[in-house]
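For the working numbering, count along the sequence shown from 1 and bump the result up by 1. For glycine and all other residues, C-beta sits at the position ideal for the given N, C-alpha and C. Model, not experiment: these values are computed from the prediction. The block underneath contains the structure these notes are about, expressed in structure tokens.
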Amino acid sequence: MSCLQAFSFPESVNNTGMHELSIAENLRNLVLETAGKEKLKKVTGINICFGQLVQIVPEIFKFAFEECVRDTIAMGARLDIEIKPVKLECRKCQAEFTISENLFVCVQCGSDNIVIKEGKELFVKSIEGE
Ligand SMILES: [Zn+2]
Numbered sequence: 002m003s004c005l006q007a008f009s010f011p012e013s014v015n016n017t018g019m020h021e022l023s024i025a026e027n028l029r030n031l032v033l034e035t036a037g038k039e040k041l042k043k044v045t046g047i048n049i050c051f052g053q054l055v056q057i058v059p060e061i062f063k064f065a066f067e068e069c070v071r072d073t074i075a076m077g078a079r080l081d082i083e084i085k086p087v088k089l090e091c092r093k094c095q096a097e098f099t100i101s102e103n104l105f106v107c108v109q110c111g112s113d114n115i116v117i118k119e120g121k122e123l124f125v126k127s128i129e130g131e
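Written as structure tokens, this is what we have:
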């Protein structure tokens, strides 16, 4: 049994134009590549984390991923998905805060001059296997 440290996709996932299936394919490639490096014979569990702005439906994603890993060593692996809140920074007063709704206004000074710091990424937190 091995458990890996968190790592992220090479490119952050754009919240428009990236479909569950293409994200699932990216994840499969990453999982199989990592499993190969770690010399795993079987992948039993995958823990991932999405930023809230990556608009995926977990059920559809799980289904797409199961299809992607059919006949690979990751077939049947448990997929745990966590959704991370969106983290923003105000350009005006440098406040950092998280939002739960799509309200892109600074909680401290009310400015809408906001940058997204986190929320568009997909992280693979760990891969379990044997
Ligand atoms: Zn502010």
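inquiry  = Less than 8 Å between C-beta atoms, sequence neighbours within five positions excluded: which residues of the same chain meet that for L54?
reply    = Closer than 8 Å at Cβ, skipping near neighbours: N16, V87, I117, G120, K121.
So does K93 have its beta carbon nearer than 7 Å to some heavy atom of ligand 1? In this structure, ligand 1 has a non-hydrogen atom nearer than 7 Å to the beta-carbon of K93.
request  = Please report the Cβ distance between A36 and I128, rounded to the nearest whole angstrom; I am assuming they are in contact, meaning their Cβ atoms lie under 8 Å.
outcome  = Right, their Cβ atoms sit about 7 Å apart.
What does a CB cutoff of less than 6 Å around E90 pick up in its chain, not counting 5 residues either side in sequence? Within the same chain, E90 has close Cβ partners E97, V116, K118.
| query | Whose CA, out of P59, C110, R29, A78, lies closest to the CA of V44? | reply | Answer by Cα proximity: A78.
Secondary structure at V106, three-state DSSP: helix, strand or coil?
-> Coil, per DSSP.
Q. Is it the case that the Cβ atoms of I57 and E21 are separated by a distance below 8 Å?
A. It is a contact, given that the beta carbons lie within the stated cut-off.
Exercise. Mind checking whether the beta-carbon of A96 lies closer than 7 Å to any heavy atom of ligand 1?
Worked result: The answer is yes for A96.
- Task: Under the assumption that V1 contacts A75 (Cβ atoms under 8 Å), give the Cβ distance between them as a whole number of angstroms.
- Result: Lying outside 2 to 131, the shown extent of the chain, residue 1 is not represented and no answer is given.
K88, DSSP secondary structure in three states: Here K88 sits in strand by DSSP.
Going by Cα to Cα distance, which pick from G130, R29, C50, S112 is closest to D72?
The shortest C-alpha separation from D72 is found at R29.
Short Cβ contact (8 Å threshold) for L123 with F51: In this structure, L123 lies near F51, with their beta-carbon atoms less than 8 Å apart.
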